[in-house]
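K.L.:
FYI, in the working numbering the residues of the first sequence are 117 to 422.
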Amino acid sequence: MPFSPTGHNPVNIICIAGPTASGKSARAVEEALARDGEIISVDSRQVYRGLDIGTEKMPADERRGVPHHLIDIRNVAETYSAGDFVNDACRLIPEIVARGKLPILVGGTHFYFDALLHGLPAGVDANPELREKLELLPTEELFARIREQDPRRAAELDPQNRRRLIRALEIIAANGTVPPRARDIRCPDMHSETRTSDVLTFAPEWIVIDPPAEELRARIGARLARAFERGLIEEVRRVREAAGDARLNELGLEYKIVGEFLSSSAKATEDAARLERKLFPILSAKLWQYARRQKAWLRKLGHPMS
RNA sequence: GCCUCCUUAGCUCAAUGGUAGAGCACGCCUCUGAAAAGGGCGAGAAAGAGGUCCGAUUCCUCUCGGAGGCA
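See below:
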């Protein structure tokens, strides 16, 4: 009998979260083997083909035959969003369950967990033309418009945060207002035209990996050193040629920082060893900041971290 | 050995005869479809000793340290 998700049948899933370099991926494979699972990557960068070393994608042989989903599904020139993730996960999870397997979600993009489990506002897709127009307006004007059209949302928003303001106006343009956020765990049904009342609900089992600060710093440093050995700079050079500096900047961390060095001709001509010596402290600082932000997200998701 | 220039926050650099600003790093917080992204807040500094002056980070002298030039 085919699997039919409804609001009355919460789906058991495992959610493995934690800061960068904490060992999530290896743990996920162990869980998958022990509990007959398939892995869904919750990682906003591993979705891109060609970002392998910088994103620490697990090599095929280490996956030990466990299916991994949502890795290598986009070109770097394309964008992937939290909304895309929710849609993809809501499609994949029932498929995995229908195969009699346990869905295991693992990754460092904790906002994606948040979006999946607590919902995003009713599907309003990104509107590049509108964004481009709004981008030209002063921040105060953006905020004033929201205050006028949706005071409830305006009260929640940071008036300085242009990115959030523009997104709110994008939703207002399509919907009139930004709907308040749902509190329960649900996933909008993918075929709402035919099954309007169905939602997918989840019963997550959390595995949060939280190494002590000193250990995490050491792991980040060791992983970064390995990334350089494996050709991180060459990888960024390739991505830069394919996608350009503006896109590298959006990809963040290694891609942004190394890219900045490569685009400065004076620095780019330095020999590799010199370049690495300069980049190492900058990148490990950035990775540490990233880990801090990830921990903040986990606190928000209800998993206090040290 | 002589001459010149330099010495300001962890780092790179500002301004100023009236008790010093920024960027990055650091700490805290925040986040409704770019999230490895975005936003807010905070702590932190005049190499040392003298002198001039109502008042010196600023002007002068010496010392330490650094860069360069001449021998």
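Ideal Cβ positions, reconstructed from N, Cα and C, are used throughout, including at glycine.
Just so you know, these numbers come straight off a predicted model, no measurement behind them.
Shortest alpha-carbon distance to S160 belongs to which of S197, R353, A144?
P.N.:
The residue with the shortest Cα to Cα distance from S160 is S197.
K.L.:
Here's a check: name, in chain order, each residue in its chain whose Cβ is nearer than 8 Å to the Cβ of V145, leaving out the five neighbours to either side.
P.N.:
I155, M174, E178, R179, R180, V182, listed in sequence order.
K.L.:
Only counting the same chain, and skipping five residues up and downstream in sequence, which positions put a Cβ closer than 7 Å to that of L414?
P.N.:
Contacts found: A133, H226, V324, M421.
K.L.:
How is A133 classed by DSSP in three states: helix, strand or coil?
P.N.:
In this structure, A133 counts as strand in the three-state DSSP scheme.
K.L.:
What ranges does the alpha helix (DSSP H) occupy inside the stretch 348 to 398, keeping only unbroken runs of at least 4 residues that lie completely in it?
P.N.:
Counting only runs of 4 or more, we get 348 to 359, 361 to 367, 369 to 379, 381 to 384.
K.L.:
As a quick exercise: from R353, L391, Y228, pick the residue whose alpha carbon is nearest that of G375.
P.N.:
Selected option, being the one with the closest Cα: R353.
K.L.:
Please name the residue in S379, A388, I373, A193 whose C-alpha comes closest to that of A401.
P.N.:
The candidate whose alpha carbon is nearest that of A401 is I373.
K.L.:
With a threshold of 16 other CB atoms inside 10 Å of the CB of R356, please say whether the residue is buried or exposed.
P.N.:
Buried, because 16 or more other Cβ atoms sit within 10 Å of the Cβ of R356.
K.L.:
Using a Cβ-Cβ cutoff of less than 6 Å, which residues in the same chain neighbour Q265 once the five nearest sequence positions on both sides are dropped?
P.N.:
Same-chain partners within the cutoff: I288.
K.L.:
Could you tell me the distance, in whole angstroms, from the CA atom of A271 to the CA atom of L403?
P.N.:
Cα to Cα, the separation comes out at about 33 Å.
K.L.:
How far does the alpha helix (DSSP H) with I325 in it reach, from first residue to last?
P.N.:
That residue, I325, is in no alpha helix (DSSP H); it is neither H nor E in DSSP.
K.L.:
Return yes when at least one heavy atom of the ligand NAD lies under 6 Å from the C-beta of H419, else no.
P.N.:
No copy of the ligand NAD occurs in the structure displayed, which carries no ligand at all.
K.L.:
Comparing C-alpha positions only, which one of L246, A319, T317, R269 sits nearest to A290?
P.N.:
Considering only alpha carbons, the answer is L246.
K.L.:
Are there three or more Cβ pairs, one per stretch, closer than 8 Å when the stretch 249 to 266 is compared with the stretch 211 to 227?
P.N.:
Contact between the stretch 249 to 266 and the stretch 211 to 227 is absent, because fewer than three Cβ pairs lie under 8 Å.
K.L.:
Between the Cα of L236 and the Cα atoms of G139, A260, N203, P244, which residue gives the shortest distance?
P.N.:
L236 has its Cα closest to that of N203, out of G139, A260, N203, P244.
K.L.:
At what residues does the beta strand (DSSP E) containing L221 begin and finish?
P.N.:
Its beta strand (DSSP E) spans residues 218 to 222.
K.L.:
Does the Cβ of Q410 have 16 or more other Cβ atoms within 10 Å, making it buried, or fewer, making it exposed?
P.N.:
By the 10 Å Cβ count, Q410 comes out buried.
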